[in-house]
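Everything below concerns the one structure shown next.
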Amino acid sequence: MRTALINSPVSLRIIPRDQHPISRKDISVNTLRVLYRLQEAGFAACLVGGAVRDLLLGRKPKDFDVATSATPEQVKQLFRNCRLIGRRFRLAHVVFGREIIEVATFRANDDDGSGDRKVHDGGMLVRDNVYGNIEDDAMRRDFTANALYYTVEDFSVRDYVGGFEDVQGRVLRLIGDPEQRYREDPVRMLRAVRLSAKLGFTIDAATAGPIPRLAPLLSEAAPARLFEEMLKLFLSGHAVASFEGLERLGLLDSLLPQVAFSLRANRTGALRSILIEGMRSTDARIAAAEPVSPAFLFALLLWPAYCHALATLQAQGMSPEEAQRRAADRVTLNQLQTIALPRRFSLPMQEIWLLQSRFSGRQRKRVHRLAGNPRIRAAYDFLLLRQVASNDQAEDVVFWHEILNKPVEEASPESDNNNGGSGRRRRRLVLTVEPE
Ligand code: ATP
Ligand code: MG
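Residue numbers (the numbering used here): 86 to 521.
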């Protein structure tokens, strides 16, 4: 019934102002400015996407996107503070100080031969700058809940795909044929998991159904895009729910193959406990507005793979130090095949791993050198996670807790023995997980 509605010629439902909660008060002044200016110039212009969805749910939108009948060039003529960006999607950014309003021209999803559209053999979209009308624009969006339009013409919400009802029912439903939509853009599978985790929506059965089978298509997605999507999945405050969603829909094997493999190989389940514990603490940090770093996140996510590789190499007779370095390199290189993890994150990630084996040493010089390492706080936070999950690091945690929390005058580990009178002040170790 519903599928028939979505695939049939589009039917418009108008939800008038008195039947929805969206008020201009909740929309940024600059966004309203853009909407009114476009409208005064004779173009159609609506607030669209995540912002409309979030406002209907009573949530504060992360950003405001505008869709319009004006072309990017026409938008540029209307706003002095406008720059055109993008190749895959040509977009106008209207810049007001730190706020950027993204203005996109209505686009179509099917090719009538008039536009600039390229499709791969497998059905994947490479570029799609085919302009269209608002109905076309609604149809090419991913989920019904993301395809609602709010207009300042009469303050109504316009719904071409049944999205209003789905927001009320808290259902995530792909527009059109799910398999075809995933083939066009496999990242939509991750978006389904992410948005259901973030919003607490259920994924409609027909939308979730093909995911386990189509998950391998993710390997065709651009690695840089997957990296961005990973950050949204795991650093937006709902990492645990995202991880469980990825597992449930069979996406972990394609996204983090080595992790999926090593979790299966780890019969005790201890490695999974560390992952979940780490994500829980990441979510708590975000809820408390504390900084989180991609390097720490990836150190956590890939830790099971690192441990597995390390054990394998050591079993082959390699020395611990050599094995650690090789395991870190191997895991990083393998992961780079799917997700483009920039070096500014992969290097500190590896360091967090390599420092883990150094917490057990008690030799004064080594302790001191480790205490001065710029990554010590991140590495110690990581040690804490391992301790919470396995309870094997209690002694090291106590020892290092003292060192890292000593006040300035006695921050040196040798300060209370025969070296104590040196009089040199030590740098206080108050590094947190470094924001990157
Ligand atoms: P968030 O609140 O996390 O930003 P969002 O839905 O706004 O969620 P964006 O990535 O900001 O997500 O995308 C804005 C809008 O663009 C979406 O609401 C959707 O309508 C459309 N969109 C984004 N990605 C896709 C995609 N891969 N396929 C089709 N439409 C998409
Ligand atoms: Mg958004």
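Beta carbons: idealized from backbone N, C-alpha and C, even for Gly.
Fair warning: this is a prediction, and the values are worked out from it, not measured in the lab.
Gln-343 and Asn-419 - do their beta-carbons sit closer together than 7 Å? What you label residue 419 is simply residue 334 of the sequence shown in a count that begins at 1. What you label residue 343 is simply residue 258 of the sequence shown in a count that begins at 1. Yes, they are a contact pair.
Have a look at the DSSP bridge pairing and note the partners of Arg-109. Walking along the sequence shown from the start, residue 109 turns up at place 24. None; Arg-109 has no bridge partner.
For the alpha helix (DSSP H) holding Leu-60, just list the boundary residues, first then last. For the chain, the structure presents residues 86 to 521; residue 60 sits outside this window and is missing.
Rounded separation between Arg-231 and Asp-150 - CA only: Start at 1 with the first residue of the sequence shown, and residue 231 comes out as number 146. Start at 1 with the first residue of the sequence shown, and residue 150 comes out as number 65. Residue 231 is actually Asn in this sequence, not Arg. Going from the Cα of Asn-231 to the Cα of Asp-150 covers about 11 Å.
Asp-111 Cβ short of 6 Å to the ligand MG heavy atom set: Locating residue 111 in the sequence shown gives position 26, counting from the first residue. It does not: the Cβ of Asp-111 is nowhere closer than 6 Å to a heavy atom of the ligand MG.
Between Phe-328 and Pro-379, is the Cβ-Cβ spacing less than 7 Å? Taking the sequence shown and counting its residues from 1, one reaches residue 328 at position 243. Taking the sequence shown and counting its residues from 1, one reaches residue 379 at position 294. Taking 7 Å as the Cβ cut-off, Phe-328 and Pro-379 do not qualify as a contacting pair.
Using only the alpha-carbon positions, how far apart do Phe-381 and Ser-475 sit? The sequence position of residue 381 within the sequence shown is 296, counting from 1. The sequence position of residue 475 within the sequence shown is 390, counting from 1. Distance between the alpha carbons of Phe-381 and Ser-475 is about 19 Å.
Do you know offhand how far Leu-233's Cα is from Phe-312's? The count along the sequence shown starts at 1 and reaches residue 233 at position 148. The count along the sequence shown starts at 1 and reaches residue 312 at position 227. Cα-Cα distance, rounded: 28 Å.
Can you tell me which residues form a DSSP beta bridge with Thr-168? Within the sequence shown, numbered from 1, the residue matching residue 168 stands at position 83. Going by the sequence as given, residue 168 is Arg instead of Thr. Looking at the DSSP assignment, Arg-168 forms a beta bridge with His-178.
With H, G and I counted as helix, E and B as strand and the rest as coil, what does DSSP make of Val-270? Along the sequence shown, one-based indexing puts residue 270 at 185. Looking at the sequence itself, residue 270 is Asp, so the reference to Val does not match. Reduced to three states, the DSSP call for Asp-270 is coil.
Run the proximity test for Gly-171: is its beta-carbon closer than 6 Å to any non-hydrogen atom belonging to the ligand MG? Looking up residue 171 in the sequence shown gives position 86. At a cut-off of 6 Å, the beta-carbon of Gly-171 does not count as near the ligand MG: no heavy atom of the ligand is closer than that.
Contacting residues, own chain, Cβ-Cβ under 7 Å from Tyr-465 (five flanking each side not counted): Working through the sequence shown from its first residue, we reach residue 465 at position 380. Around Tyr-465: Trp-485 and Leu-489.
Report back the beta-carbon spacing between Gly-235 and Cys-131 to the nearest angstrom; my notes put them in contact at under 8 Å. In the sequence shown, counting from the first residue as 1, residue 235 sits at position 150. In the sequence shown, counting from the first residue as 1, residue 131 sits at position 46. The identity of residue 235 in the sequence shown is Tyr, whereas the question assumes Gly. 6 Å between Cβ atoms; contact.
Can you tell me whether DSSP reads Arg-310 as helix, strand or coil? Stepping through the sequence shown from its first residue, residue 310 is reached at position 225. Correct three-state label for Arg-310: helix.
Would you please state the rounded distance, in angstroms, between the beta carbons of Arg-172 and Asp-227? I believe it to be under 8 Å. Here residue 172 refers to the residue found at position 87 of the sequence shown. Here residue 227 refers to the residue found at position 142 of the sequence shown. The pair is not a contact, with the Cβ atoms about 20 Å apart (cut-off 8 Å).
Skipping 5 residues on each side, what residues in its chain have a beta carbon closer than 8 Å to that of Asp-139? Against the sequence shown, residue 139 aligns to sequence position 54. Listed in chain order, the non-local C-beta contacts of Asp-139 below 8 Å within the same chain comprise Lys-145, Pro-146 and Lys-147, local neighbours out to five positions each way being set aside.
Whole alpha helix (DSSP H) elements within the segment 341 to 377, 4-residue minimum: Secondary structure remark: continuous alpha helix (DSSP H) runs of at least 4 residues inside the segment 341 to 377, in chain order: 342 to 350 and 355 to 372.
Would you kindly work out how many angstroms separate the C-alpha atoms of Asp-481 and Pro-106, rounded to a whole number? Taking the sequence shown and counting its residues from 1, one reaches residue 481 at position 396. Taking the sequence shown and counting its residues from 1, one reaches residue 106 at position 21. Approximately 54 Å, taken between the alpha carbons.
Give the DSSP-derived three-state secondary structure of Val-246 in the structure shown. Within the sequence shown, residue 246 is the residue found at index 161, counting from 1. Three-state result, Val-246: coil.
How about Ala-425 and Ala-306: are their beta carbons less than 7 Å apart? Counting from one through the sequence shown, the residue named residue 425 turns up at place 340. Counting from one through the sequence shown, the residue named residue 306 turns up at place 221. With contacts defined as CB atoms closer than 7 Å, Ala-425 and Ala-306 fail to qualify as a contacting pair.
According to DSSP, Tyr-234 sits in a beta bridge with which residue or residues? Working through the sequence shown from its first residue, we reach residue 234 at position 149. Val-133 and Arg-243.
With DSSP run on the structure shown, which of helix, strand or coil describes Met-150? The count along the sequence shown starts at 1 and reaches residue 150 at position 65. Note that residue 150 is Asp in the sequence shown, not Met. Residue state, collapsed to three classes: strand.
Can you give the beta carbon distance from Ser-304 to Arg-102, rounded, assuming they're within the 8 Å contact cut? Walking along the sequence shown from the start, residue 304 turns up at place 219. Walking along the sequence shown from the start, residue 102 turns up at place 17. Contact flag wrong, Cβ pair sits at about 46 Å.
At least 3 beta-carbon pairs within less than 8 Å: the segment 150 to 162 vs the segment 116 to 130: Touching, yes, given that three or more Cβ pairs across the two stretches are closer than 8 Å.
Go to Ala-396, then tell me how far its alpha helix (DSSP H) extends in each direction, as first and last residue. To locate residue 396, count along the sequence shown from 1; it is residue 311. Its alpha helix (DSSP H) spans residues 388 to 400.
Going by DSSP, name the residue or residues bridged to Val-256. Counted from its first residue, the sequence shown places residue 256 at position 171. Partner(s): Thr-287.
Roughly how many angstroms separate the alpha carbons of Ile-99 and Glu-250, rounded to a whole number? Within the sequence shown, numbered from 1, the residue matching residue 99 stands at position 14. Within the sequence shown, numbered from 1, the residue matching residue 250 stands at position 165. For Ile-99 and Glu-250, the distance between alpha carbons rounds to 12 Å.
Report yes if the C-beta distance between Arg-258 and Thr-229 is below 7 Å; otherwise report no. The count along the sequence shown starts at 1 and reaches residue 258 at position 173. The count along the sequence shown starts at 1 and reaches residue 229 at position 144. At the C-beta level, Arg-258 and Thr-229 come within 7 Å of one another.
Paired residues, beta bridge with Thr-417 - DSSP: The residue you call residue 417 lines up with position 332 of the sequence shown. Thr-417 pairs with nothing; no bridge assigned.
List the endpoints of the continuous alpha helix (DSSP H) containing Thr-190. In the sequence shown, residue 190 corresponds to position 105, counting from 1. Premise fails: Thr-190 lies in the beta strand (DSSP E), 184 to 190, not in any alpha helix (DSSP H).
Phe-484 by DSSP, collapsed to three states: which one? The residue you call residue 484 lines up with position 399 of the sequence shown. Looking at Phe-484 - three-state DSSP - the assignment turns out to be helix.
Relative to the C-alpha of Arg-255, which candidate in Ser-108, Lys-161, Pro-301 and Ala-277 has its C-alpha closest? Here residue 255 refers to the residue found at position 170 when the sequence shown is read from its first residue. Restricting attention to Ser-108, Lys-161, Pro-301 and Ala-277, the CA atom closest to the CA of Arg-255 is found in Ala-277.
Confirm the yes/no value for this check: CB of Gly-247, any heavy atom of the ligand ATP, distance under 6 Å. Counting from 1 along the sequence shown, the entry for residue 247 is found at position 162. Gly-247: no, Cβ never under 6 Å from the ligand ATP.
Whole angstroms is fine: what's the gap from Leu-395's alpha carbon to Leu-284's? In the sequence shown, counting from the first residue as 1, residue 395 sits at position 310. In the sequence shown, counting from the first residue as 1, residue 284 sits at position 199. Distance between the alpha carbons of Leu-395 and Leu-284: 38 Å.
Rounded C-alpha distance that separates Ala-523 from Leu-331: Not covered by the structure: residue 523. The range shown for the chain is 86 to 521.
Using the rule of at least 16 other Cβ atoms within 10 Å of the residue's Cβ for burial, across every protein chain shown, is Glu-314 buried or exposed? Translated into positions along the sequence shown, residue 314 becomes position 229. Residue environment for Glu-314: buried (at least 16 other C-beta atoms within 10 angstroms of its C-beta).
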